[in-house]
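To keep things clear, I will list the structure first and then write my remarks on it.
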Amino acid sequence: MNDILGYALLMVTGSFIASCSQMLLKHATKKSYKNFIQEYLNRWVVGAYGLFGIATLLSMYTLRYIPLSLAPMLEATGYIFVAVLGWIILKERLNKRQILGMLLIVAGIFVFSL
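Spelled out as structure tokens, the structure:
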């Protein structure tokens, strides 16, 4: 059981890394670029896709060791990470529906873990 917990934490780490890559992509959209190529081949976008690749590899690796029924619940943590990172880094506001949604995700993870 401890092995599954370790792999589950690794999958959540991958979800967090994917959320960080989304923050980089969002940051890249706030800048203007001289041409089409610079818009897609700049450090923010390339870094974001690099992080997303790492997150994908982590997910593929962990799926070999955890039950498939556990994976969607662990991946759902990404919604929470994106909202919290957006609030902290990008200074985006969270409305009541978003907070309620995050609480429902956490409650679902808690119920499933029982």
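Mapping of the sequence shown onto the numbering used here: position 43 corresponds to residue 39, and the numbering continues sequentially without gaps.
Just so it is clear, CB atoms sit at the ideal spot from N, CA and C, and this is done for glycine as well.
- For ALA51 and SER15, the gap between their C-alpha atoms comes out near 9 Å.
- Burial state of ILE84 is exposed, judged by a 10 Å Cβ sphere holding fewer than 16 other Cβ atoms.
- Looking only at SER65, ILE95, TYR57 and LYS87, the smallest Cα-Cα distance to TYR75 is reached by ILE95.
- If you look at LYS22, you'll find it in the alpha helix (DSSP H) that goes -2 to 25.
- Pairwise C-beta distances place the segment 63 to 77 out of contact with the segment 32 to 41, as fewer than three of them are shorter than 8 Å.
- Residue environment: ALA44 is assigned as buried (16 or more neighbouring CB atoms within 10 Å of its CB, all protein chains considered).
- For TYR57, the enclosing alpha helix (DSSP H) covers residues 39 to 58.
- For GLY104, the CB contacts under 8 Å within the same chain, skipping 5 residues up- and downstream, are MET69 and ALA72 in chain order.
- In this structure, SER11 is the residue among SER11, VAL41 and ASP(-1) with its C-alpha nearest to the C-alpha of LEU53.
- DSSP, reduced to helix, strand and coil, places TYR29 outside both helices and strands of the structure shown, so it counts as coil.
- Within the same chain, and ignoring the five residues on either side of ILE62 in sequence, the residues whose Cβ sits closer than 8 Å to its Cβ are ILE0, TYR3, ALA4, MET7 and LEU70.
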